[in-house]
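Enquirer: Can you read through this structure? Questions will come right after.
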Amino acid sequence: MKVEVQNLRKEFGKTVAVNDISFSFDAGHIFGFVGPNGAGKTTTMRIISTIEEPTAGDVLLNGVSVCQEPELARRTVGYVPDSLPAHGDITVHEYLDFYARAYGLKGGKRTQAVEAIEEFTNVAGIREKHLKALSKGMKQRVTLGRALVYDPDVLVLDEPAAGLDPRARVELRELLMLLAERRKAILISSHILTELTEICNGIVIIERGKILETGTIDEVLKKSAPRRTVAIRLLEGNHHQNPQLIRELLQTPQVENAREVTNEIHFELTGDESAACDILGMLIAKKFKIIEFRQTKANLEDIFMNVTKGGVQ
Amino acid sequence: MNAQLFRLKSHLAGWREWEMNPIVIKELRQGVRSWSVTGMLMLFLVVLFVASLGFLITSSFDATANLGLGGTMFSCFVIILAVASMFFIPLYTGVRVAGERAENNMDLLYVTTLSPTRIILGKFLCSAYIVLLFFSACMPFMAFTNLLRGVDLPTVFFILAFLFLFVCAANMVAIFLACLPLSRPFKFLFVLYGIFQSFFVIGSLVALSLELLRSGVGAKMAEPYFWVTSTTVAAVVVAGAGLFFVLSVALISPPSANRALGVRAYITAAWLAGGLLTLYWVWRQSEARLIMVWQTVTYILMFCALLNVISNADRLSLRVRRAIPQPAPGRALAFFFFNGAAGGLCWVAALVALTLLGGNAVLEVKKWMVTVPGGADSGIDLFLSEMRITFLYAFSYALTALFIHRKFLPTRSPKLAGLLALLLAGGWAMAPGIFLFFANRLSRKSIEGLQLGNVFNVLYTRDPSELVWHLYFALGWLVIAIFLNLGWFRQQAGQFRRPTEITLPPVLPPAS
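Those sequence lines, one after another, are chains S and E.
Sequence positions in the first sequence follow this note's numbering and run 142 to 454.
Sequence positions in the second sequence follow this note's numbering and run 890 to 1401.
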């Protein structure tokens, strides 16, 4: 299964919600979709899920166009919106059974599918509970179950972790990783960027309907922060050596911008990891009492803050 | 065609796997669990029980046997059943549909394989099952009345069948109102209006039921006239419910769908069937004026349709454009039935013209065959003239509003064109009255005087001979309005074709 978003454009009157965006991802991949509020994430996801029609461009789900064959495309995509199930007066089992029927599953096949999904999303124990009696985390599991009940190849999740407590977030993350192992292609939007870094293979950063960055997490991190920042901490009571350490570092090739940051020394390393290893060896040889030598990675949040301007349409 | 036949064949072959509409199952589960349905049902049974008990106790004091007691009790039960089912079930159905639409559950249904038609059908069937539940609960009491004499079984079943039909139609109206994209206060106003209207419907139904009860259905069953009349009434109710059904389907269809197709096709078919039915009645009763019933209903529908079609967007969605037939005759026909203001205007114009021509033809043929008294003839002529002029005005206002919207408010919603047409017509109708009021010359006589451009003045003008001035004025205005919109219309007709498939540029390098 391959999801290809091709030159997608969506206009609402004069507003261009999505402006000529293209990206693609494969089965077994979790693809993060990041952007400020009003960037066009939900619109793009709704187009992929066949709820909206693009003004121009197309989305191909394994070659099936969501514009030309929406009925066929619909059978391969599961959509989890940012709102939780609103039918309060039916049980978890009835809710899943209803959607299994709505997707055309019949007889024993439907019963099997519903039971399997209850097991997978760990809601079998609460299958007879009414939806209104569930916690937000449980409701999110049920929503995910609804989207998975007919075993779609593509899963589109709009802010699934919003409002969940840490435990529920961890559980959701584990579920998504399991689904990726089952060769599902997953597109997920979230504002909790640290979590996306941990589970996503690739990422798209979007703002004002346009793509700012796209690629694998490592590619994006490299592209946006090409240099490594290394932090050194000396043993407590040896901070008086900090100025000397900075001087020493500045004389070392492949080191730039050495400075003191709250009792630590930070510097930019232009070389690779073996260069870092050499520098560490050199500093130890010069009797600096180093207790910590670590590479500070630029995270997705830093990149997000760097590349976006916070603009909405 | 072959593909459709094959699909139908395979559908019939797999009858063992047929399942009920999922919406019906879900709604019924929710219905039987809800306190509103069970509570209302319990209350209904208690009222029936108390009423039966009351009747039996009071009649037990009579020394002579009351042979009409069954009929009296049945009348009372019909009133209770009509009130309970006409008030409660449509209200319950409407509130549920409106609540579901407000909570955006429709989006989730769009991504399933359920079509909007199946969704609305599911809601409707569920409401029909609830009606059946109430009727079934009432049945033992009704059967009991038959034992007490005074009412025959055919009457019981006939009245119940008709009541069932009307309640189902009321449910369909409630579903339609709930599907309207209106805010809660507006919907509340509609509910109030619906309740107000249901008083009238319940009153009429009860009066009809009592009349049938008095005369007895069993005795009339041998008369063909009875069946023809009943079938006509049932057909009209079903046709009305069907109209609200297709309108509801259109309302919940995604914006990119061809919403107009179902509605326009249904109205055209119903218009044709209604015309044939009216012709039958004209022939049967030898009364040419009956054709005016069909014409009046068509005109009312077309006025509403005109407002709706000019509110359509000019730009068709990709999905709709991809469905446009390639051959020219098919494309020309599709132009009338697909989304879009230009095609919609042609469709309304065609139906109105055919209705006028059809009506005129019937009247002429009848005049030729039978001599109709002069008074009746002049009444028909006046009615036809008024209708002709009213429609000329309606088209003039619609085209003027389209022109104003396109020239001065092109970036605003196309719905504004419909509103503009209403405002123009309403404003021009009120302007003379306001002027006369401030000039201190407002009187009935002055209002009934000639007011060119005032569409309402056509209907209440004092001197019918003045209608000719309205006709000339409306014709002149319409010619100008058509001229102003000709370029736009040509453009719309020219653009109404299937898009050429464009090869998209390659996708950006894959992420991984």
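Ideal Cβ positions, reconstructed from N, Cα and C, are used throughout, including at glycine.
Can you find a CB in chain E that lies within less than 9 angstroms of the CB of C208 of chain S?
Expert: For C208 of chain S, a Cβ of chain E is located within less than 9 angstroms of the residue's own Cβ.
Enquirer: Looking at the C-beta of V218 of chain S, does it have a partner C-beta in chain E at a distance below 9 angstroms?
Expert: Chain E contact via Cβ: present.
Enquirer: To the nearest angstrom, how far is the alpha carbon of P1303 of chain E from that of G169 of chain S?
Expert: 45 angstroms
Enquirer: Just by C-beta distance, which residues in the segment 1301-1320 of chain E are closer than 9 angstroms to chain S?
Expert: R1301 and S1302
Enquirer: Count the CB pairs spanning the segment 1216-1226 of chain E and the segment 1188-1199 of chain E that are closer than 8 angstroms, and state whether there are at least three.
Expert: no
Enquirer: Is it buried or exposed for M279 of chain S, if we count other Cβ within 10 angstroms and need 16 for buried?
Expert: buried
Enquirer: Taking the alpha-carbon of L997 of chain E as reference, which of S:R187, S:K277 and S:E256 has the nearest alpha-carbon?
Expert: S:R187
Enquirer: Which of the three DSSP states, helix, strand or coil, is assigned to H1359 of chain E?
Expert: helix
Enquirer: Who are the neighbours of I192 of chain S on chain E, taking C-beta pairs under 8 angstroms?
Expert: D996, Y999, V1000 and P1143
Enquirer: Within 8 angstroms: the Cβ of S1145 of chain E and any heavy atom of the ligand MG?
Expert: As far as ligands go, the structure on display features none, and thus does not contain the ligand MG.
Enquirer: Tell me the rounded alpha-carbon separation between D1203 of chain E and Q1384 of chain E.
Expert: 10 angstroms
Enquirer: For the beta strand (DSSP E) containing R1178 of chain E, name the first residue and the last one.
Expert: R1178 of chain E -> no beta strand (DSSP E), and no H or E assigned at all.
Enquirer: R1379 of chain E by DSSP, collapsed to three states: which one?
Expert: Three-state result, R1379 of chain E: helix.
Enquirer: For S1406 of chain E, name the three-state secondary structure that DSSP assigns.
Expert: This structure leaves residue 1406 of chain E out entirely; chain E is present only between 890 and 1401.
Enquirer: Give the C-beta separation of I432 of chain S and L375 of chain S to the nearest angstrom, bearing in mind that I take them to be a contact with Cβ-Cβ under 8 angstroms.
Expert: With a beta-carbon spacing of about 7 angstroms, I432 of chain S and L375 of chain S fall inside the 8 angstroms limit used to define contacts.
Enquirer: Taking 9 angstroms as the CB-CB cut-off, is G1264 of chain E touching chain S?
Expert: Any reading at G1264 of chain E must be qualified, since the residue scores a pLDDT of 46, below 50, and its modelled position is unreliable; no value is offered.
Enquirer: Using DSSP with H/G/I as helix, E/B as strand and the rest coil, what is N160 of chain S?
Expert: strand
Enquirer: How long is the line joining the alpha carbons of A1058 of chain E and E235 of chain S, rounded to whole angstroms?
Expert: 29 angstroms
Enquirer: Which chain B residues are close to I231 of chain S, counting only those with a beta carbon under 9 angstroms from its beta carbon?
Expert: This model lacks chain B altogether; the protein chains it does include are S and E.
Enquirer: I1213 of chain E lies in the alpha helix (DSSP H); which residues open and close that run?
Expert: Under the DSSP assignment, I1213 of chain E falls outside any alpha helix (DSSP H); it carries neither an H nor an E label.
Enquirer: State whether the segment 229-244 of chain S contacts the segment 198-214 of chain S, with contact taken as three or more CB pairs (one from each stretch) at a distance under 8 angstroms.
Expert: no
Enquirer: Output needed for R1386 of chain E: all residues of its chain with C-beta closer than 7 angstroms, excluding positions within five of it in sequence on either side, in chain order.
Expert: Residues I1213 and R1220 of the same chain have their beta carbon placed closer than 7 angstroms to that of R1386 of chain E, with the five preceding and five following residues left out of the count.
Enquirer: Cα separation between N160 of chain S and Q919 of chain E?
Expert: 43 angstroms
Enquirer: At least one CB of chain E closer than 9 angstroms to the CB of F239 of chain S: is that the case?
Expert: Interface residue, yes.
Enquirer: On the CB-based measure, 16 or more other CB atoms within 10 Å of its CB, does E194 of chain S come out buried or exposed?
Expert: buried
Enquirer: Could you check how far apart the C-beta atoms of A399 of chain S and L410 of chain S are, in whole angstroms? I think they sit under 8 angstroms.
Expert: Incorrect: roughly 10 angstroms between the Cβ atoms, too far for contact.
Enquirer: Only counting runs of 4 or more residues, tell me where the alpha helix (DSSP H) segments fall wholly within the segment 347-385 of chain S, in order along the chain.
Expert: As far as the segment 347-385 of chain S is concerned, its whole alpha helix (DSSP H) runs of at least 4 residues are 358-365.
Enquirer: Just to confirm the assignment, what range does the beta strand (DSSP E) spanning T437 of chain S have?
Expert: Its beta strand (DSSP E) spans residues I431 to T437.
Enquirer: Would you mind stating whether L1140 of chain E and L1042 of chain E have Cβ atoms separated by less than 9 angstroms?
Expert: no
Enquirer: Taking one C-beta from the segment 1088-1098 of chain E and one from the segment 970-977 of chain E each time, how about it: are there three or more such pairs within less than 8 angstroms?
Expert: Between the segment 1088-1098 of chain E and the segment 970-977 of chain E, the count of Cβ pairs shorter than 8 angstroms is three or higher; the stretches touch.
Enquirer: I think L1049 of chain E touches G960 of chain E, with their Cβ atoms under 8 angstroms apart; what is that distance to the nearest whole Å?
Expert: Incorrect: roughly 15 angstroms between the Cβ atoms, too far for contact.
Enquirer: List, in order along the chain, the chain S residues whose C-beta lies closer than 8 angstroms to that of S1206 of chain E?
Expert: E194
Enquirer: Closer than 8 angstroms by beta-carbon distance: list the chain E residues that pair up with K247 of chain S, in chain order.
Expert: E906 and E908
Enquirer: For a contact defined as C-beta to C-beta under 7 angstroms, what are the partners of P1005 of chain E on chain S?
Expert: Residues of chain S passing the Cβ test: none, with the nearest at roughly 13 angstroms.
Enquirer: Between the segment 902-921 of chain E and the segment 1015-1025 of chain E, do three or more beta carbon pairs fall short of 8 angstroms?
Expert: Yes, the segment 902-921 of chain E is in contact with the segment 1015-1025 of chain E.
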